[in-house]
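Trainee:
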Amino acid sequence: MNWVNAVFHGILLGGLYALLATGLSLMFGVMRIINLAHGAIALLGAYMAFLLVEHAHISTYLALLPVLPGALVVGYVLQRTMLERSLRAGELVPLLTTFGLLIVIGNLLQYFFSSDVHSLPSGRIGTASWRVSSHFTVPWFDALILGVAIAVLGGLQLLLRRTQMGRELRATAADPDTAELLGVDARRVYAWATAIAVATAALAGAFYAMRSAFDPFSGATELIYAFEAVVIGGLGSLWGTLLGGIVLGVAQTVSAQIDVQYFALGGHVVFLAVLILRTALQAGGLRMLPRGASV
Amino acid sequence: MSAIAAPQPRGRVERWTAVSVSFTAGLAALIGLLAFAPLVLGENSLSNLIQLYFLVILAIMWNALAGYGGLVSVGQQAFIGIGAYGVVFLSVQHSLNPYLAMLLATLIGAAISIPLAAIMLWLRGGAFAIGMWVVAEVFAILVSLDASLGGGTGTSAVLAFNLRYTPDQRLRYTYWAALGTAAVLLVVLFVLLRSRLGASLQAIRDDEDAARSVGVRVLLGKGVLFVLAGAGCTAAGTVILAWQLSILPLGPDSIFGVNWSAKMIFMVLVGGLGTFEGPILGAVVLYLLQTYGPQNGVWYFTLLGGIAIAVALFLPRGLWGAVRDRYTLQLLPVGYRLRR
Chain E
134 MNWVNAVFHG
144 ILLGGLYALL
154 ATGLSLMFGV
164 MRIINLAHGA
174 IALLGAYMAF
184 LLVEHAHIST
194 YLALLPVLPG
204 ALVVGYVLQR
214 TMLERSLRAG
224 ELVPLLTTFG
234 LLIVIGNLLQ
244 YFFSSDVHSL
254 PSGRIGTASW
264 RVSSHFTVPW
274 FDALILGVAI
284 AVLGGLQLLL
294 RRTQMGRELR
304 ATAADPDTAE
314 LLGVDARRVY
324 AWATAIAVAT
334 AALAGAFYAM
344 RSAFDPFSGA
354 TELIYAFEAV
364 VIGGLGSLWG
374 TLLGGIVLGV
384 AQTVSAQIDV
394 QYFALGGHVV
404 FLAVLILRTA
414 LQAGGLRMLP
424 RGASV
Chain Z
-19 MSAIAAPQPR
-9 GRVERWTAVS
1 VSFTAGLAAL
11 IGLLAFAPLV
21 LGENSLSNLI
31 QLYFLVILAI
41 MWNALAGYGG
51 LVSVGQQAFI
61 GIGAYGVVFL
71 SVQHSLNPYL
81 AMLLATLIGA
91 AISIPLAAIM
101 LWLRGGAFAI
111 GMWVVAEVFA
121 ILVSLDASLG
131 GGTGTSAVLA
141 FNLRYTPDQR
151 LRYTYWAALG
161 TAAVLLVVLF
171 VLLRSRLGAS
181 LQAIRDDEDA
191 ARSVGVRVLL
201 GKGVLFVLAG
211 AGCTAAGTVI
221 LAWQLSILPL
231 GPDSIFGVNW
241 SAKMIFMVLV
251 GGLGTFEGPI
261 LGAVVLYLLQ
271 TYGPQNGVWY
281 FTLLGGIAIA
291 VALFLPRGLW
301 GAVRDRYTLQ
311 LLPVGYRLRR
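Protein chains in written order, with this note's numbering: chain E, 134 to 428; chain Z, -19 to 320.
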């Protein structure tokens, strides 16, 4: 029963990783860049919520009301100032600049907030759980995060499929030059994609910080988990991201069931195993994975 | 009778120029001269020079990977950690001579990099970058779970060195090991880039798909660079251990920490990505910044990251690239020049 419980908790945890990975996946899908500062930005969102909680004495959920629109603005500005220029400069430059940003954000957070470990209050729902049997419990908070992740992914899917902005996003992702010929302002589209990505990152960062303690360098862990979820699920595919998050979450909780120290290691091992498997399939000439899954 | 005469080739292709011959000879003489530094310099200067040498090693190795292979890695600290912990494992636990252990650990690092190359080189761009970071994390966790290597609280090789050498001897031998490693790696890279493989590597750097289409064996070229950079960073890790003696496995500032990547990227970007001379210049700049810049770690790394962003955006060819574009200067000739 403990193992069933571990698997179930892993599935719920997968929601958090999917939420973390959404922005990374979206930016890769639209611009073909991997934002190395994604985790640091998620953490920045958590710290902004932390500031509001500490000084305005409001709940974390209420603090998200100003933080999320703020994140949209930050994302838009980030794209128009730094990333747009990086994109024009070649394939490697976005990696170098977003890595620089990751280092800058981590160290500035350490300066302003010290390297102390903090956590965000998660309210009554944070500790409540539904006891099915003596070995099997459903923590409400993890279920909430999974629900939010599904809602965000579904909302994004709707946005991409049904709205004018979504059509422009997909057109630009497919071929920016042709989209521009047809009157789409690719730079504006890219800026919106980054804005949405940063907002989902901030949301995920806040949930991450409510669930576990964080410090100025937790962004690295968040980036790595998000990236692993994206790669396991297939780069650039939104629902694949949810599946990848769940696989990662289950790998971690099941490993932790063996020994708590193996939590992160278990996820890394599954990630590397997926890479090796994919390599073996490609080397064997088999292309069983859909096109969107290739990295 | 043809009215148009075939254009006569008026240019002359040359590799060695008077400037580059004298500079290469000068650099060789400088390395020879630096070998005698322990006879005249004091403890502090030697320690500072060791630091400069391992920064040079890290910079040229990261540049080999990114500048010539187009592979941006934010996980080369995996090899730094393997080198440092390899020396601890061999010299503390198995009582080997620490300098022999440094050599063996470097070979171990090279051996580990071969299967890693087979897995990681399928990844491109950002996927390779973070994939390498995951690899570094895996090694860090494995080491921190091993109680015999000190677990999460780190370990030290003080005993292994002190059993055999006085602190003064340790400093001098480490100095020679560091200088020797840097010199060997510079020569290896120089020879490699001038070889047939070097030409194909530069083709990969400029356009991977085009290079593949004209028959360049892209994966082989990248594999050679990956193993060279793996071995080089491992060697740097062994020098770092011999220099600082105590190491930690976890956290951004540890031996497996991501701050090493920040330093490597800074040196290569500031010096000039994809130039042979640039990273050496970048290492000198970082060394000066470490010595005379902000002593507070937070501002130091903020400055490092900020400068790296600015250089990547506004001076993409770095300091050396800018100088070379202006004066068409090549001091260590790995390319060819057309001269009228």
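We put the CB at the ideal spot given by N, CA and C, even for glycine.
Nothing here was measured: the structure is a model prediction, and the numbers come from that model.
With three or more C-beta pairs closer than 8 Å as the rule, is the stretch 207 to 226 of chain E touching the stretch 321 to 338 of chain E?
Mentor: These segments touch.
Trainee: Does Z/V118 pass the burial test, meaning 16 or more other C-beta atoms within 10 Å, or should it be called exposed?
Mentor: By one-based count along the second sequence, residue 118 of chain Z stands at place 138. Buried, by the Cβ-count rule.
Trainee: Quick one: grab the DSSP three-state call for Z/W102.
Mentor: As a working note, residue 102 of chain Z is residue 122 in the second sequence. Z/W102: coil per DSSP, three-state reduction.
Trainee: Strictly under 8 Å for the Cβ-Cβ distance: is E/E224 near chain Z by that measure?
Mentor: As a first step, residue 224 of chain E is located in the first sequence; it is residue number 91 there, counting from the start. Yes, E/E224 lies at the interface with chain Z (some Cβ there is under 8 Å from its Cβ).
Trainee: Measuring alpha carbon to alpha carbon, tell me which of Z/L35, Z/S136, Z/S25 ends up nearest Z/R152.
Mentor: What you label residue 152 of chain Z is simply residue 172 of the second sequence in a count that begins at 1. It is Z/S25.
Trainee: Against chain Z, does E/I357 count as a neighbour if the rule is that its beta carbon must be under 8 Å from one of theirs?
Mentor: As a first step, residue 357 of chain E must be located in the first sequence, where it is residue number 224. For E/I357, the answer is yes, since a Cβ of chain Z falls inside 8 Å of its Cβ.
Trainee: Tell me the DSSP bridge mates of E/V271?
Mentor: By 1-based counting over the first sequence, the position of residue 271 of chain E is 138. DSSP output for E/V271 lists E/W263 as bridge partner(s).
Trainee: By alpha-carbon positions, which one of Z/F59, Z/D189, Z/K243, Z/T218 ends up nearest to Z/A137?
Mentor: By 1-based counting over the second sequence, the position of residue 137 of chain Z is 157. Looking at the Cα atoms, Z/T218 is the closest of the given residues.
Trainee: Looking at Z/Q52: is its Cβ nearer than 8 Å to the Cβ of E/L234?
Mentor: The count along the second sequence starts at 1 and reaches residue 52 of chain Z at position 72. The count along the first sequence starts at 1 and reaches residue 234 of chain E at position 101. Residue identity differs from the one stated: residue 52 of chain Z is Val in this sequence, not Gln. Against a cut-off of 8 Å, the Cβ pair of E/L234 and Z/V52 comes out as no contact.
Trainee: Among Z/S2, Z/M41, Z/V1, Z/G12, which residue has its Cα nearest to the Cα of Z/G258?
Mentor: Translated into the one-based positions of the second sequence, residue 258 of chain Z becomes position 278. Nearest of Z/S2, Z/M41, Z/V1, Z/G12 to Z/G258, Cα basis: Z/M41.
Trainee: Check distances from the C-beta atoms of the stretch 338 to 350 of chain E to those of chain B and list, in chain order, the residues that come in under 7 Å.
Mentor: The displayed structure is made up of protein chains E and Z, and chain B is not among them.
Trainee: Are there 16 or more other CB atoms within 10 angstroms of the CB of E/H188, so buried, or fewer, so exposed?
Mentor: Taking the first residue of the first sequence as position 1, residue 188 of chain E is located at position 55. Exposed, by the Cβ-count rule.
Trainee: According to a CB-to-CB cut-off of less than 7 Å, which residues of the stretch 280 to 294 of chain Z neighbour chain E?
Mentor: Under the 7 Å Cβ criterion, the stretch 280 to 294 of chain Z contributes F281, T282, L284, G285, G286, A288, I289, A292, L293.
Trainee: I need the boundaries of the alpha helix (DSSP H) containing Z/T161, first residue and last residue.
Mentor: Here residue 161 of chain Z refers to the residue found at position 181 of the second sequence. Taken as a continuous stretch (DSSP letters only), the alpha helix (DSSP H) holding Z/T161 covers 147 to 174.
Trainee: Using only the alpha-carbon positions, how far apart do Z/G47 and Z/V36 sit?
Mentor: Here residue 47 of chain Z is taken as the residue at index 67 of the second sequence, counted from 1. Here residue 36 of chain Z is taken as the residue at index 56 of the second sequence, counted from 1. Taking the straight line from one Cα to the other gives about 15 Å.
Trainee: Buried or exposed, going by whether 16 or more other CB atoms sit within 10 Å of the CB of Z/S71?
Mentor: For the purposes of this step, residue 71 of chain Z is taken as residue 91 along the second sequence, with counting starting at 1. Burial call: buried.
Trainee: Residues of chain Z with a CB under 9 Å from the CB of E/M90: which are they?
Mentor: Because chain E here runs from 134 to 428, residue 90 of chain E falls outside it and cannot be looked at.
Trainee: Decide if Z/Y92 is buried, meaning its Cβ has at least 16 other Cβ atoms within 10 Å, or exposed.
Mentor: Translated into positions along the second sequence, residue 92 of chain Z becomes position 112. Residue 92 of chain Z is actually Ile in this sequence, not Tyr. With 16 or more Cβ atoms within 10 Å of its Cβ, Z/I92 is classed as buried.
Trainee: At what residue ranges does the stretch 255 to 339 of chain E contain a whole run of the alpha helix (DSSP H), taking only runs of 4 or more?
Mentor: 273 to 295, 297 to 307, 309 to 314, all fully within the stretch 255 to 339 of chain E.
Trainee: Could you tell me which residues DSSP pairs with Z/T255 in its beta bridges?
Mentor: Along the second sequence, one-based indexing puts residue 255 of chain Z at 275. In the DSSP output, where bridge partners are listed per residue, Z/T255 has none listed.
Trainee: With 8 Å as the threshold, decide whether the Cβ of Z/S(-18) is near any Cβ in chain E.
Mentor: Reading the second sequence from its first residue, position 2 is the one you call residue -18 of chain Z. With a pLDDT of only 48 at Z/S(-18), under 50, the local geometry of the prediction cannot be trusted, and no value is derived from it.
Trainee: Just the C-alpha distance for Z/L87 and Z/I110, rounded to the nearest angstrom, thanks.
Mentor: Numbered from its first residue, the second sequence carries residue 87 of chain Z at position 107. Numbered from its first residue, the second sequence carries residue 110 of chain Z at position 130. Near 25 Å, if we compare the C-alpha coordinates of Z/I110 and Z/L87.
Trainee: Out of E/T270, E/G203, E/P254, point me to the one whose CA is closest to E/H190's CA.
Mentor: The residue given as residue 190 of chain E occupies position 57 in the first sequence. Of the candidates E/T270, E/G203, E/P254, the one whose C-alpha sits nearest the C-alpha of E/H190 is E/P254.
Trainee: Let me know the secondary structure DSSP gives Z/T(-3) once reduced to three states.
Mentor: Against the second sequence, residue -3 of chain Z aligns to sequence position 17. Coil.
Trainee: Measuring only between beta-carbons, confirm whether Z/G209 sits less than 8 Å from chain E.
Mentor: Position 229 of the second sequence, counting from 1, holds the residue named residue 209 of chain Z. The amino acid at residue 209 of chain Z is misidentified as Gly; the sequence shows Ala. With 8 Å as the cut-off, Z/A209 does not count as an interface residue toward chain E.
Trainee: Please list the partners that E/F360 has in chain Z, where partner means a Cβ-to-Cβ separation under 9 Å.
Mentor: Counting from one through the first sequence, the residue named residue 360 of chain E turns up at place 227. G106, A107, I110, G111, W113, V114, listed in chain order.
Trainee: Between which two residues does the alpha helix (DSSP H) holding Z/L284 run?
Mentor: Position 304 of the second sequence, counting from 1, holds the residue named residue 284 of chain Z. Here the alpha helix (DSSP H) through Z/L284 covers 277 to 294.
Trainee: I believe Z/V238 touches E/A353 by the beta-carbon criterion, under 8 Å. Please report the beta-carbon distance rounded to the nearest angstrom.
Mentor: To locate residue 238 of chain Z, count along the second sequence from 1; it is residue 258. To locate residue 353 of chain E, count along the first sequence from 1; it is residue 220. The Cβ separation is near 6 Å, so the contact holds.
Trainee: Measure the C-alpha to C-alpha separation of Z/L21 and Z/V291 and round it to an integer number of angstroms.
Mentor: The count along the second sequence starts at 1 and reaches residue 21 of chain Z at position 41. The count along the second sequence starts at 1 and reaches residue 291 of chain Z at position 311. When rounded, the distance between both Cα atoms is 35 Å.
Trainee: Please name the residues in the stretch 26 to 50 of chain Z whose beta-carbon is closer than 9 Å to at least one beta-carbon of chain E, in chain order.
Mentor: Answer in chain order: A46, G50.
Trainee: Classify E/G425 as helix, strand or coil using the three-state DSSP reduction.
Mentor: Within the first sequence, the letter at position 292 stands for residue 425 of chain E. Unreliable placement is indicated for E/G425, whose pLDDT of 40 sits below 50; no coordinate value is reported for it.
Trainee: Name the DSSP bridge partner or partners of E/F347?
Mentor: In the first sequence, residue 347 of chain E corresponds to position 214, counting from 1. In DSSP, E/F347 forms a bridge with E/H251.
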